[in-house]
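As structure tokens, the structure follows; a few thoughts come after it.
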Amino acid sequence: MEVKVMASHFLPSPTSQLSFETNASTQTLSLLNRCSNMEELKQIHAQVFKKGYAFDDDTLPVRKVLAFCSSAPDSGSLAYAQKVFDGIDSPNTFMWNTIIRGYANSTQPEQALFLYRRMLADSVPQNAYTFPFLLKACSSLSPSPLEETKQIHAQVVKFGFGFDVFAANSLLHAYAVSGRIKSASLVFERIPQRDIVSWNSMIDGYIKCGEMGMACEIFKAMTDKNVVSWTTMISGYVGAGMYKEALNLYHDMQDSGVKPDNVALVSTISACAHLGALEQGRWIHTYIKRKGIEINPIVGSALIDMYAKCGDMEEAIEVFRRIKKKGVSAWTAVVFGFAIHGQGREALKWFSGMQESGVKPNMITFTAILTACSYAGLVDEGKSLFENMEKEYNLKPVIEHYGCMVDLLGRAGLLKEAKQLIDSMPGRPNSVIWGALLKACQIHKNLELGKKIGEMLIERDPGHSGSLILHLANVYAIAEEWDKTVEVRKQMTDQRVCKLLGCSSISLKGIFHEFIAGDTSHPQMDKINDMWNRISKRLKQEGYKPTTEEKETAIHQNSDKLAIAFGLIGTKPGVTIRIIKNLRVCEDSHTVTKLISKVYSREVVMRDIARFHHFKNGKCSCGDYW
DNA sequence: GACGTCTAAT
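Using the UniProt record's numbering, the first residue of the first sequence is number 1, and each one after it goes up by one.
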């Protein structure tokens, strides 16, 4: 038997030699309590086994072994726990709970439910701990098993745990994640003694069901808020794209004397990343350093990501260097950083560096590196990585990776190849995939294919998403098929697909100035108009010809121009102008900004919704390829 | 004897 073989491998450590014979149980227990990894545990277990304590019904060592394996994160230790469990004659409730808990926290939570069925069949009684573990398994499953949740609910009541606040909170959460906010709130209302977790779970439930308003109300009604209450709201705002509200709430939390934990910090750093709020991000980083908070893998990659998205790759790499244990998430964040800055070669270098240091790429790493290849036009490199994903790395490409590849091929003008890839991919292509191909048709003016796809899409799925329709309208417009253009645009109005207003922001002396297309409310609007008139004159001298459409629209219709004009007014010569916008940069803005960078000898760094453009001396880092 | 709420990157 495997365990016996391991016993012969056992190398006694100085402590374990002491008095194993005389006081086996105490000795083993103390070893178990100090045990920190599976290898050690197996050795100790081998001793337990050898001494005959292993499968006695209810010995402490066996329970410890079981508990250790069940709480270890990987599936290997869980398999070991299962073996130990199977060797026990008639496991008691505690043991059943332990193994169920192990599966509930694993990648195969359904096993927890299967085990419970066996537990019932063996007539082992449940206790107050059984249900939270089972419900945890339900909550982790996707799609969430509403039927099972209901059945467990019935059992909770039937076996007398209906008033247990732990069971109720778990139940509430399980209903909420399966979208049953009504049921969740009923459970909440019936809890006789709600605690703070009940309240927090209810807030989270409303957020998960998209009811931010209700979440706010409950949050406001709470008298005692802890860090989880605050963080639930902060991350809720981030999820809803309300980044400024998230930052405000973070400050409210600090003002109220609640100390942020790692989770709160991660959500807030992410809000900064989305906003491009470098100053605020730095402030939080400083806070982390000052408080000596340990940078865990998630905080680390969130910081790297934040600096990268705020345009500061040097600082992103500095954060990376300071991380002691560099895991896949930190490496991936750097690779992704170079990707959005259009530095494909650099991304590839880091991708190799990561593997040389023995870290294996995961699915997200591949999204990052394929994006890097796509944005930098590294077609061969991207193709070869994509082809080797499964063979070399044992990672099966998923729809996101196909999306990157369609984009990569499409940008490079390999439209047929892109189409073939779509036809050969497993599963149904989504609107991201079709959008990438349509955009490629638009850029490379392959109207034939564009129209073909457009018609196919309209026929197959009249209710496709807004961005897709926009591309389609553009294809028809380029093909000068005005009837079709009008028809598609009408669909947009019917479906209330509103073109998002352009918004460009620029940060001067730590203050964020936002310019929205069509909005003239900025206090310095007159100055900005004057400035633009001067810019416009100089650009025309340089040979800039506005498109017909551009001539008709005043400067305030273009948020980029407003922001750049403002930036030129408010900064000294030679200072880089940094702009963050909410849409993809348009052709005209791109041309204009290139010219400005030359005429005014100014570097302009612009982050659009997908990537960075570094304008310098009349050129853009994207190589006009975006 | 252990349990429930909040976490990054497409």
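For glycine and all other residues, C-beta sits at the position ideal for the given N, C-alpha and C.
By the 10 Å Cβ neighbour count, where 16 or more other Cβ atoms means buried, how is residue i classified, buried or exposed?
i           : result
ARG411      : buried
TRP199      : buried
VAL84       : buried
HIS251      : exposed
GLU381      : buried
ARG602      : buried
LEU113      : buried
GLY623      : exposed
VAL488      : buried
GLN193      : exposed
ASP122      : exposed
GLN47       : buried
LEU278      : buried
PRO426      : exposed
residue 644 : Coverage of the chain is limited to positions 1 through 626, which leaves residue 644 absent and any answer about it impossible.
SER8        : Residue confidence for SER8 is low, a pLDDT of 30 falling below 50, so the modelled location carries little weight and cannot support an answer.
LYS445      : exposed
GLN420      : exposed
residue 627 : Residue coverage of the chain in this structure runs from 1 to 626, which leaves residue 627 outside it and unanswerable.
VAL486      : exposed
GLN43       : buried
ALA376      : buried
LYS136      : buried
ILE609      : exposed
LYS383      : buried
Pull up the CB-CB distance for residue i and residue j, whole angstroms please, since I reckon it's below 8 Å.
i      : j      : result
VAL328 : VAL359 : 5 Å
ILE579 : VAL604 : 7 Å
LEU60  : LEU29  : 6 Å
GLY205 : HIS173 : 7 Å
VAL258 : TRP230 : 6 Å
ARG611 : TRP626 : 7 Å
GLY344 : CYS373 : 6 Å
GLY574 : LYS598 : Rounded, the Cβ-Cβ distance is 14 Å, inconsistent with contact.
ILE234 : ALA264 : 6 Å
SER77  : MET38  : 5 Å
VAL124 : THR93  : 6 Å
THR367 : GLU400 : 5 Å
ILE288 : ALA308 : Going by Cβ atoms, the distance from ILE288 to ALA308 rounds to 17 Å, so no, they are not a contact pair.
VAL228 : PRO260 : Contact flag wrong, Cβ pair sits at about 11 Å.
CYS441 : LEU457 : The Cβ separation is near 12 Å, so there is no contact.
Excluding five sequence neighbours on each side, which residues of the same chain lie with their C-beta closer than 6 Å to the C-beta of residue i?
i      : result
PHE159 : GLN126
GLU346 : PHE338
GLU417 : LEU409
TYR544 : LEU595
TYR80  : CYS69
VAL238 : ALA246, SER267, SER270 and ALA271
ASN105 : none
CYS138 : PRO145, GLU148, THR149 and ALA174
ALA517 : LEU501, GLY502, GLN557 and SER559
LEU508 : GLY570
ASP164 : ALA128
PHE386 : MET405
LEU41  : CYS35 and PHE68
Return the chain-ordered list of same chain residues with a C-beta closer than 7 Å to the C-beta of residue i, the five sequence neighbours on each side being excluded.
i      : result
ILE304 : ALA316, VAL319, PHE320, ALA330, ALA333, VAL334 and GLY337
PHE161 : ALA128, PHE131 and ALA167
ASP224 : ILE196
VAL156 : PHE131, GLY162, ALA167 and LEU171
GLN280 : LEU247 and CYS272
LYS616 : SER597 and GLU603
Near residue i, what residues of its chain come up, given a Cβ to Cβ distance below 8 Å and the 5 sequence neighbours on each side ignored?
i      : result
HIS522 : HIS513, PHE515, ILE528, LEU562 and PHE566
LEU115 : TRP96, ILE99, ILE100 and TYR103
LYS396 : MET389 and GLU390
Touching by the beta-carbon criterion (3+ pairs, under 8 Å), the region 354 to 373 and the region 312 to 325 = no
Should the region 90 to 98 be regarded as contacting the region 59 to 70, the criterion being three or more beta carbon pairs within less than 8 Å?
-> yes
contact_flag[the region 181 to 189, the region 203 to 210] where n(CB pairs < 8 Å) is 3 or more | yes
Is the region 467 to 486 in contact with the region 431 to 442, if contact means three or more CB pairs nearer than 8 Å?
-> yes
Touching by the beta-carbon criterion (3+ pairs, under 8 Å), the region 501 to 510 and the region 580 to 597 | yes
Check whether the region 521 to 530 touches the region 587 to 599, taking contact to mean three or more Cβ pairs, one atom from each stretch, closer than 8 Å.
-> no
If you scan the region 549 to 625 from start to end, which runs of the beta strand (DSSP E) of 3 or more residues do you find wholly inside it?
-> 577 to 581, 604 to 607 and 612 to 616
Whole alpha helix (DSSP H) elements within the region 271 to 315, 4-residue minimum = 278 to 291 and 297 to 309
Can you check the region 350 to 416 for any alpha helix (DSSP H) of at least 4 residues that lies completely inside it and give the ranges in chain order?
-> 363 to 376, 379 to 393 and 399 to 411
Let me know the alpha helix (DSSP H) ranges lying completely inside the region 482 to 523, each 4 residues or longer, listed in chain order.
-> 482 to 494
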